[in-house]
Amino acid sequence: MPRARRARGAGGDADARPMPAQCRARRPGAADPEPARARRPVTEEGRVDETRRRTGIASAAAMLAAVLLLAPAAPAPAQPNVRLPGLHGGQLTGAELARGVTVVVVWASWSPRCRDIVERTNALAGRWGGRARVVAVNFQEDSSAIEAFLRDKKLSVPVFLDRDGEFSKAHAVTALPGLVVFQDGAARYQGKLPADPDATLRQILD
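Residue numbers (our numbering): 1 to 206.
Now the structure itself:
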């Protein structure tokens, strides 16, 4: 009589034993699991140190910006070839700018921002006339236009003429009114007339 077949379960031979793990074949393409990376524990001290480091960097950057903002600009080289004719005679020369302090207000009658230039220039002359020479330089206007603008105004400083605009261009006056401050021939300030020119002059003269 033939032997009875052993019953098979759904998973195979009933007598089948599981293969030891070390003997199991690795499936093609299977990779060993990557070991978990060790993470450095974040301590309270570490957070404090990082905060202090970032705060220190920010403070240093702020201090550097403040120093650069408050530091006076390096004096520009003297302009020995300056020779501006005066509205009523005389001239402003490089030789005169090389002596002491000269405050130059640059203006034009057609500029809306120069409508009160006479009052502002007279105020500068009144406050600083004892320590500096204050003059006005007109930007590229003919004498008749200047005379018409000043007819009913009492400007207390001499007016010189920048007819070709080269003086203003050489001293960074790109907007009117402008201000140039010479000290012993070197331009210590040049550019737009500040809202508070007294602060600029104090920084240079005090």
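Note that the Cβ used here is the ideal one computed from N, Cα and C, for glycine as well.
Which two residues bound the contiguous alpha helix (DSSP H) that contains GLN91?
Working through the sequence shown from its first residue, we reach residue 91 at position 91. First-last for GLN91: 91 to 93, but that is the beta strand (DSSP E), not the alpha helix (DSSP H).
Indicate whether the contact test is met: 3 or more Cβ pairs, each with one atom in the segment 141 to 161 and one in the segment 116 to 129, closer than 8 Å.
Segments in contact, yes.
Buried or exposed for SER111, going by 16 or more other Cβ atoms inside 10 Å?
If you number the sequence shown from 1, residue 111 lands on position 111. SER111 is exposed by the Cβ-count criterion.
Starting from the C-beta of GLN190, find all residues in its chain whose C-beta is less than 6 Å away, skip the five residues before and the five after it, and write them out in chain order.
What you label residue 190 is simply residue 190 of the sequence shown in a count that begins at 1. Cβ neighbours of GLN190 beyond the five flanking positions: HIS171, ALA172, VAL180.
Quick check on this structure: which residue in PHE182, GLY126, GLU141 has the alpha carbon closest to the alpha carbon of GLY165?
For the purposes of this step, residue 165 is identified with residue 165 of the sequence shown, where counting begins at 1. The shortest C-alpha separation from GLY165 is found at GLU141.
Roughly how far, in whole angstroms, is the beta-carbon of VAL134 from the beta-carbon of PHE160, given that I think they are within contact range, below 8 Å?
For this step, residue 134 is matched to residue 134 along the sequence shown. For this step, residue 160 is matched to residue 160 along the sequence shown. With 8 Å as the limit, VAL134 and PHE160 do not qualify as a contact, their Cβ atoms being about 12 Å apart.
Shortest alpha-carbon distance to ASP116 belongs to which of ALA125, SER168, TRP128, PRO177?
For the purposes of this step, residue 116 is taken as residue 116 along the sequence shown, with counting starting at 1. Nearest C-alpha to ASP116: PRO177.
Would you mind stating whether VAL82 and GLN183 have Cβ atoms separated by less than 8 Å?
Working through the sequence shown from its first residue, we reach residue 82 at position 82. Working through the sequence shown from its first residue, we reach residue 183 at position 183. Contact: no.
By DSSP, does VAL173 sit in helix, in strand, or in coil?
Position 173 of the sequence shown, counted from the first residue, corresponds to residue 173. It is coil, neither helix nor strand.
Excluding five sequence neighbours on each side, which residues of the same chain lie with their C-beta closer than 8 Å to the C-beta of ALA108?
Within the sequence shown, numbered from 1, the residue matching residue 108 stands at position 108. Around ALA108: CYS114, ASN138, PHE139, GLN140, GLU141, LEU176.
For PHE182, is the beta carbon positioned less than 7 Å from some heavy atom of the ligand GTP?
In terms of ligand content, the structure shown is empty, and the ligand GTP therefore cannot be addressed.
Just curious, the alpha helix (DSSP H) that PRO197 is in, first and last residue?
The residue labelled residue 197 in the question sits at position 197 within the sequence shown. Residues 197 to 205.
Identify the continuous beta strand (DSSP E) that holds ASN138 and give its terminal residues.
Against the sequence shown, residue 138 aligns to sequence position 138. ASN138 -> beta strand (DSSP E) spans 133 to 139.
In three-state DSSP terms, what is LEU150?
Here residue 150 corresponds to residue number 150 of the sequence shown, with the count starting at 1. Three-state result, LEU150: helix.
If you run the structure through DSSP and keep just helix, strand and coil, what is GLY29?
Residue numbering aside, residue 29 sits at position 29 when the sequence shown is read from its first letter. Its pLDDT being 47, under 50, GLY29 is placed unreliably in this model, and the value from its coordinates should be taken loosely. Looking at GLY29 - three-state DSSP - the assignment turns out to be coil, as it is neither helix nor strand.
State the Cα-Cα distance for the pair ALA195 and GLY90, rounded to the nearest angstrom.
Start at 1 with the first residue of the sequence shown, and residue 195 comes out as number 195. Start at 1 with the first residue of the sequence shown, and residue 90 comes out as number 90. Whole-angstrom Cα-Cα distance: 30 Å.
What residue range does the beta strand (DSSP E) around LEU87 cover?
To locate residue 87, count along the sequence shown from 1; it is residue 87. It is not in any beta strand (DSSP E) - LEU87 carries neither H nor E in the DSSP assignment.
Classify ASP162: buried if its beta carbon has 16 or more other beta carbons within 10 angstroms, exposed otherwise.
For the purposes of this step, residue 162 is taken as the residue at position 162 of the sequence shown. Classification for ASP162: buried.
HIS88 to SER143, Cα distance in whole Å?
Translated into the one-based positions of the sequence shown, residue 88 becomes position 88. Translated into the one-based positions of the sequence shown, residue 143 becomes position 143. If you take the alpha carbons of HIS88 and SER143, they lie about 9 Å apart.
Under 7 Å Cβ to Cβ from THR167, same chain only, skipping five residues before and after it: list those, please.
What you label residue 167 is simply residue 167 of the sequence shown in a count that begins at 1. Correcting the residue type first, residue 167 is Phe in the shown sequence and not Thr. Result list for PHE167: VAL82, LEU84, VAL137, in chain order.
Just how far apart, CA to CA, sit GLY86 and ALA199?
The count along the sequence shown starts at 1 and reaches residue 86 at position 86. The count along the sequence shown starts at 1 and reaches residue 199 at position 199. So the two alpha carbons sit approximately 29 Å from each other.
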